[in-house]
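Count along the sequence shown starting at 1, add 8, and that's the number in this note's numbering.
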Amino acid sequence: MKFKGMLILEFSKPLTEEHNGLIRHVVDELNNNILVKGATLPEEAAKVVDFRIEDGKLVLNLETGRQVRIHSAAMRIKNYVAKIFGSKLKVGVRGLTLKDTVIELDGEFSVSPKIPLIRKLLVDEGKTYVYLDVMDESVLKKPVLDRLIKLLNDKEMRAKWKGKAEHWQLIKRSREKEPLFKEDPNKIFEEIGWIKRFSIGQWIYTPPAIYLINMIKQLFLEEVVKPLGFEEVVFPKIYPPEIGLKTGHLKGTINSMLFASLPISYDISAFEELIDYMSVMNEVPQEDLRDYLRPPSYFLCFAQCEPFYQFFSGEIVDDRALPIKWFDQSGPSFRWEAGGLHGVERLIEFHRIEVVWLGKPEQVVEIRNQLLERYEHFMDKVLDLEWRWAWVTPWYLEHAGVIEKISEEINRPGTIDFEAWLPYKGSRDDAKAWLEIGNISIHGTKFTDPFKIKYSKKNVKLWTGCSGFGVERWMLVFIAQKGFDPENWPSKPREYVKKNPMPKSLLTVTYPKTKEGKELLKKIVDLYSNP
Ligand code: ATP
Ligand code: ZN
Ligand code: MG
9 MKFKGMLILE FSKPLTEEHN GLIRHVVDEL NNNILVKGAT LPEEAAKVVD FRIEDGKLVL
69 NLETGRQVRI HSAAMRIKNY VAKIFGSKLK VGVRGLTLKD TVIELDGEFS VSPKIPLIRK
129 LLVDEGKTYV YLDVMDESVL KKPVLDRLIK LLNDKEMRAK WKGKAEHWQL IKRSREKEPL
189 FKEDPNKIFE EIGWIKRFSI GQWIYTPPAI YLINMIKQLF LEEVVKPLGF EEVVFPKIYP
249 PEIGLKTGHL KGTINSMLFA SLPISYDISA FEELIDYMSV MNEVPQEDLR DYLRPPSYFL
309 CFAQCEPFYQ FFSGEIVDDR ALPIKWFDQS GPSFRWEAGG LHGVERLIEF HRIEVVWLGK
369 PEQVVEIRNQ LLERYEHFMD KVLDLEWRWA WVTPWYLEHA GVIEKISEEI NRPGTIDFEA
429 WLPYKGSRDD AKAWLEIGNI SIHGTKFTDP FKIKYSKKNV KLWTGCSGFG VERWMLVFIA
489 QKGFDPENWP SKPREYVKKN PMPKSLLTVT YPKTKEGKEL LKKIVDLYSN P
C-alpha cells in the first residue's frame with residue numbers, strides 16, 4: 009500500500025524565494041525525523057519528495073507507506089511547519105489542502121464504491137489505484153482514509169467470498185424425533201381465529217394464542233434465564249440513528265430496518281391543509297404525508313440489545329458490578345422482510361426475549377457456555393424438540409491481503425444459530441424445512457469499543473454477549489412438532505396447561521370466518537378443557 013499526493017499549505021503572509029533556505033531545513037527535519045516516527049521500515053514511513061513555492065504557497069509532493077499514511081503525514085507536516093514558521097517568521101498556517109491523491113493498493117480490486125471522495129478507480133498489472141478528490145483539513149484530521157481503505161478491503165473480501173465461504177457449520181444436533189404432527193399450525197391458528205391478520209407481517213393474538221406464547225416464555229424464563237441470574241430491565245423500542253451507526257446495523261442491515269419520523273410541527277395549524285383534505289376525501293394522501301413529517305429521527309427496535317450498549321456508553325465498570333446479566337421482554341422488534349412472510353414464521357412485528365451480558369472476556373464466554381447448556385436442556389428436555397445448532401460466523405480472516413481460515417473454536421466472538429425442524433415444510437433433509445428460532449453471540453469488543461464501555465483497569469477490555477429468543481417462532485415450532493393436544497406434550501408444558509386454564513376462544517356470528525373453522529375450534533378447545 010502506497011500513497012502519493014500534493015500538499016499545499018497557505019500562510020497568513022505569502023512565502024517568497026527568500027524562504028527557500030528555511031524550507032529546505034524544515035523538509036530535512038520532516039524526512040529524517042517527523043515523518044519516520046512509528047514506522048518500522050523506511051518504505052512504510054512518509055517522505056517529502058520535492059517542494060516549491062507557488063503563488064506564495066508551499067507545495068510539497070508526498071509519498072507515503074502504510075504506517076504513516078498520507079493524511080497523518082499531512083497533519084504532522086502542518087503542525088511542525090506551523091511551529092517553526094510561527095516562531096521564525098511570525099506567520100501562521102491559514103489552510104491545508106491535499107490534491108491529486110492516489111492510493112496504490114496491492115491486488116486487482118473488482119469493487120468500486122460510489123463515494124464522493126473517490127474520483128476514479130483504475131486497475132493495472134496487479135495493482136489498484138484509487139484517485140481521490142481534493143481534501144481539506146476537516147477531512148484529513150479524521151481517519152477518513154483509513155475507513156475508506158477498510159471499506160474497500162471489506163467489500164473486496166465479501167465479493168471474493170461470495171458463495172465460497174462456509175457461513176453455516178453444524179456444531180450439535182438432537183437425535184431424530186418422530187413428529188406428532190404434520191400440519192401447518194399457522195393455517196390452523198388463523199382458521200380457528202386464535203390470530204387475526206392486522207397488516208403485512210402483523211397479527212393480533214387473541215387470548216388463547218397469547219396463552220401458548222406465554223407458556224413458552226414462562227418456561228424459557230424459568231428454565232434458562234432466571235436460574236442463571238439474569239434480571240429483567242426495560243429497554244426503549246425506538247432508537248436514534250447514531251446508535252445504529254455504532255452498532256453497525258445501519259451499515260449492515262439498513263435494507264430491513266424500519267424508521268420513524270417526527271411531525272413537522274407541534275402546531276396543529278401546520279397540518280390544516282392535510283386535515284381538510286382527509287376530511288373531505290376520507291383517504292390518506294400517502295405521498296403528501298411526507299411533507300408533514302421530518303426526516304426519520306429514529307429506527308424501530310431491530311436487535312433489541314442496542315440500548316444495553318448505550319446504557320453503558322462512557323461508563324467505567326468495575327468488579328463490583330461485573331458481570332452484568334439482564335434481559336428485556338418489554339416490546340416488539342421490527343423487520344422489513346420483503347418476502348417469505350407466512351403466518352407467525354416470518355413477521356414484520358415480532359416479539360422476543362433479549363438476553364444480554366457484559367463482562368471480562370472469560371466471564372462473557374463462561375456465561376455463553378452456561379446459557380448453551382440451559383438452552384440444550386430447554387430444547388431437548390423441556391420442549392423435546394428436534395433441533396440443531398450451527399456456527400454462522402465466517403471462519404476466515406483477512407491477513408495482509410491473504411484470506412486465511414482461522415481455528416474452528418467456539419470460545420471466541422461469533423454467533424450460534426438455533427434451528428428447529430418444521431415437519432409441515434418438508435423432510436428433515438430439506439434445509440428449507442428448518443427455521444431459525446434463536447441465536448446466541450459473543451461480540452468481543454464489537455460494541456464495547458464504539459460505545460466506549462470501559463473496565464476500571466486499563467489492561468482488560470470488556471466484552472458483551474446477547475441471545476435473542478423469538479417467542480412466536482418458538483411457539484410455532486413447538487406446536488409444529490408436538491401438535492395441539494397437551495396429552496402428547498412433554499411434562500413441563502403439560503403441567504402448565506394443568507395449572508393454568510386456557511382462556512376462552514372468541515366465537516361470534518362471523519368469527520371464526522368459516523364453518524370448518526368453527527368446528528375445528530371446538531375440537532381444539534376440547535383438548536384443553538379437561539387437562
Ligand atoms: P432469519 O435468518 O430467519 O431471517 P435472522 O438471522 O434475521 O433470522 P436474527 O437477526 O438473528 O434473525 O434475530 C434473532 C431472533 O429473532 C431469531 O432467531 C428469531 O427468533 C427472531 N426473528 C428474527 N426475524 C424475525 C421475523 N421476521 N419474524 C419473527 N421472528 C424473527
Ligand atoms: Zn442482541
Ligand atoms: Mg432475517
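Beta carbons: idealized from backbone N, C-alpha and C, even for Gly. For clarity, every value in this text was computed on a predicted model and none was experimentally measured.
- According to the DSSP assignment, Tyr383 belongs to the alpha helix (DSSP H) that extends over Pro369 to His385.
- The beta carbon of Glu18 is closer than 7 Å to those of Lys65, Arg102 and Gly103 in its chain, skipping five residues each way along the sequence.
- At a cut-off of 6 Å, the beta-carbon of Leu391 does not count as near the ligand ATP: no heavy atom of the ligand is closer than that.
- Phe320 and Leu470 have their C-alpha atoms some 11 Å from each other.
- Taking C-beta atoms as the reference points, Met265 and Phe310 count as a pair closer than 7 Å.
- Counting only residues of its own chain and dropping the five nearest sequence neighbours on each side, Ile61 has a CB closer than 8 Å to the CB of Leu23, Thr24, Glu25, His27, Asn28, Ile31 and Val67.
- If you look at Leu282, you'll find it in the alpha helix (DSSP H) that goes Glu280 to Met289.
- Of the other Cβ atoms in all chains shown, 16 or more fall within 10 Å of the Cβ of Pro331; this residue is therefore buried.
- The straight-line gap separating the alpha-carbon atoms of Val364 and Lys204 is approximately 32 Å.
- Bridge pairing for Gln210: Ser207 [DSSP].
- With a threshold of 6 Å, the Cβ atom of Ala311 counts as near the ligand ZN, since some heavy atom of the ligand is closer than that.
- Secondary structure at Ala488: helix, using DSSP grouped into helix, strand and coil.
- Taking non-hydrogen atoms of the ligand ATP into account, the C-beta of Phe386 is found less than 6 Å away from none of them.
- Taking a C-beta distance under 7 Å as the contact criterion, Asn447 and Gly476 qualify as a contact pair.
- Per DSSP, reduced to three states, the secondary structure at Glu186 is coil, with no helix or strand assignment.
- In the structure shown, the three-state DSSP call for Pro271 is strand.
- According to the DSSP secondary-structure assignment, Met165 is paired through a beta bridge with no residue.
- Those residues having their beta-carbon less than 6 Å away from any non-hydrogen atom of the ligand ATP are, in chain order, Arg343, Glu345, Arg354, Leu355, Phe358, Arg360, Glu444, Ile445, Gly446, Asn447, Gly476, Gly478, Glu480 and Arg481.
- Here the alpha carbons of Leu379 and Glu133 stand approximately 52 Å from one another.
- Sequence-distant partners of Ala217 (beyond 5 residues in either direction) whose C-beta falls short of 7 Å from its own C-beta, in its chain, are Phe197, Trp202 and Ile203.
- The beta-bridge partner set that DSSP reports for Trp471 consists of Gly367.
- Burial of Ser341 is indicated by the presence of at least 16 other C-beta atoms within 10 angstroms of its C-beta.
- Within the same chain, Gly115, Phe117, Ser118 and Val119 come within 8 Å of Glu164 by CB-CB distance, once the 5 residues on both sides are set aside.
- Residue range Gly422 to Trp429 is occupied by the beta strand (DSSP E) that includes Phe426.
- Of the residues Ser449, Phe238 and Gly434, the one whose Cα lies closest to the Cα of Lys190 is Gly434.
- Rounded to whole angstroms, the gap between the alpha carbons of Met9 and Ile78 is 11 Å.
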